[in-house]
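So this is what it looks like as structure tokens:
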């Protein structure tokens, strides 16, 4: 099982290679992606749609239901928004920054053909809870589990991305008997270096953290720099709309006040990785500026039952290349 008989790890940073540092510094800046973002900035972004509990939305012929559910937290009640579609084993989808449940739209129809998909807005994002409270990743992970309990869900698959993976790592460790299979998307694992996470300073520095309040600039930085392939304009507009909801920037900043990338990295290496038991697919883009592929070589020394798959894409490969994402994910979730 993962975590058993694994190699001993030190807690030293691994210095990235020159090519990785240059890609992180310069970004991809795909001309079509940059042009789309400029068009959106010039046109303006209309307000995000306000959804009601039980409201149905059509995504490529798939009917998804919007749900609003309150679940307990430590000394607080958390109001969750998620969309639900499909039947079968539960697949919990956890997005990252600066996204929402909408990041899964390009692949939801195919996933929902096999699974009961529950795509949540993480706490602080989209239409989920934004009031002050516990924004430690471990605390919010426990609150996500409380949501599953409230929904009467015992066992489930996990598919996470980016900062959603930080929370999913806690779920996979602390609820190991409940996680069936884990697709772990786009997050540092064994190796890390602060030069690969300049956004941590950007999101906490008094002079630059205002980017969290400017959704268009946030996506110009994120999609513009981190996408190897362009994302369709309607998908980009919807993503920006969701991050533009009142209170989102302030709520998301609380995560960066409650933790650091180094603490996340140490937690997963010292506490979480040894507790993971579910079969695991480590899913990365083959050209992610923050996460060079060489940092995922040799993972079998630490996670013998996990495997790495690379999608032809940058950091936002789910939206950049849905077909290749599904080609890697579906066989694994279906048991190969």
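In my numbering, the protein residues as written are 31 to 366. The beta-carbon is built from N, C-alpha and C at its ideal position, and this holds for glycine as well. The structure presented is a predicted model; accordingly, all values stated were derived computationally and were not measured.
The alpha-carbon separation between residue 361 and residue 58 amounts to approximately 30 angstroms. Under the 10 Å beta carbon count, residue 74 is surrounded by fewer than 16 other beta carbons and is classified as exposed.
Residue pairing of residue 87 in beta bridges, as defined by DSSP: 94. Sorting 194, 84 and 296 by C-alpha distance to the C-alpha of residue 93 places 84 at the top.
In this structure residue 352 is buried. Its beta-carbon is surrounded by 16 or more other beta-carbon atoms within 10 angstroms. Pairing residue 347 with residue 216 gives a Cβ-Cβ distance under 9 angstroms. Exposure of residue 68 is indicated by the presence of fewer than 16 other C-beta atoms within 10 angstroms of its C-beta.
In the DSSP secondary-structure assignment, residue 123 is bridged to 149 and 189. A straight-line Cα-Cα distance of about 13 angstroms links residue 119 and residue 212. Annotation for residue 325: 221 place their beta carbon closer than 6 angstroms to its own, counting only its chain and skipping 5 residues before and after. Taking every protein chain shown into account, the CB of residue 195 has 16 or more other CB atoms within 10 angstroms, so this residue is buried. Within the stretch 165-237, the complete beta strand (DSSP E) segments at least 3 residues long are 186-191 and 209-215, listed from N- to C-terminus.
In the displayed model, residue 248 falls within a helix according to three-state DSSP.
If you ignore the 5 residues before and after residue 273, its C-beta comes within less than 6 angstroms of the C-beta of 128 and 245, all in its own chain and listed in chain order.
Under DSSP, residue 310 takes part in a beta bridge, and its partners are 212 and 336. For residue 295, the enclosing alpha helix (DSSP H) has its first and last residue at 291-297. Between residue 177 and residue 110 the beta-carbon gap is near 5 angstroms, inside 8 angstroms, which marks them as a contact. Taking all protein chains shown into account, residue 197 has 16 or more neighbouring C-beta atoms within 10 Å of its C-beta and is therefore buried.
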